[in-house]
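Take a look at the structure below.
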Amino acid sequence: MALVEAAMAAHQGKALIFGNIRYAPKDDSTVKAAMHVSYEKYQELGLAEYGTAHVMQFWREYHLTKFEGWAYENEARLAINAPPDEQCFVPFGQALRHVLIGEGAAAEEIAEIERLAAAHGVQVSGVRWRNGMPVRVPTKLLPR
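FYI, in numbering that gives the first Met the number 0 the residues of the sequence shown are 0 to 143.
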């Protein structure tokens, strides 16, 4: 919750979306409905009004839904509604507790991440894939 609180403080007045991802099957009717554009309603309301209404109706599907093949990630997501040209930095401060580094990281990158994390009291681990599942390992076990 510290990350959500930091985002709220940094971006007061903007809509924030936060929640656990719902993993849907590819034939999910709600996901299909979110991808359907009613040409008649679009013609009646115009692009801006129709687009706003459609996104308001299906915001969960657009921001908090992924297909079930990604369920192993057990992901939560934070989104900030801001104009496309506006940078939205969130000073995460104490919200960052652990960094996971994948197998593709170079030795120099791993060393720099470990250095920065240690300076802020953040733990660092590697992630390797075993039998199709991610497993946390010490960074020294990552291929370099």
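No residue lacks a Cβ here, since even glycine has one placed at the ideal position from N, Cα and C. Note that this is a predicted model, so its numbers are computed, not measured.
{"Check": "Among Trp128, Gly92, Ile20 and Val134, the one whose alpha carbon lies nearest that of Gly120", "Outcome": "Gly92"}
{"Check": "DSSP-derived helix/strand/coil call for Leu99", "Outcome": "strand"}
{"Check": "Counted within 10 angstroms of its Cβ, other Cβ atoms place Ala106 as buried (16 or more) or exposed", "Outcome": "exposed"}
{"Check": "Sequence ranges, alpha helix (DSSP H) only - wholly within the segment 5–61, length at least 4", "Outcome": "28–34 and 38–44"}
{"Check": "Under 9 Å between C-beta atoms of Ala23 and Phe66", "Outcome": "yes"}
{"Check": "Paired residues, beta bridge with Met132 - DSSP", "Outcome": "Arg129"}
{"Check": "Sub-9 Å separation of Ala9 and Phe88 beta-carbons", "Outcome": "yes"}
{"Check": "Counted within 10 angstroms of its Cβ, other Cβ atoms place Leu141 as buried (16 or more) or exposed", "Outcome": "buried"}
{"Check": "Simplified DSSP assignment, three categories, for Leu77", "Outcome": "strand"}
{"Check": "Sufficient close CB pairs (3 or more, under 8 Å) joining the segment 95–115 to the segment 47–56", "Outcome": "no"}
{"Check": "Boundaries of the beta strand (DSSP E) in which Phe91 is found, first to last residue", "Outcome": "Careful: Phe91 lies outside any beta strand (DSSP E) and carries neither H nor E."}
{"Check": "Three-state class that DSSP yields for Val3 in the structure shown", "Outcome": "helix"}
{"Check": "From Ser124, Ala117, Pro90 and Arg21, residue whose alpha carbon lies closest to that of Ala6", "Outcome": "Pro90"}
{"Check": "Chain-order list of residues whose beta-carbon lies under 6 Å from that of Leu95 (same chain, five-residue window excluded)", "Outcome": "Val121"}
{"Check": "Close beta carbons around Ala1, own chain, < 6 Å, minus the five adjacent residues each side", "Outcome": "Gln93 and Ala94"}
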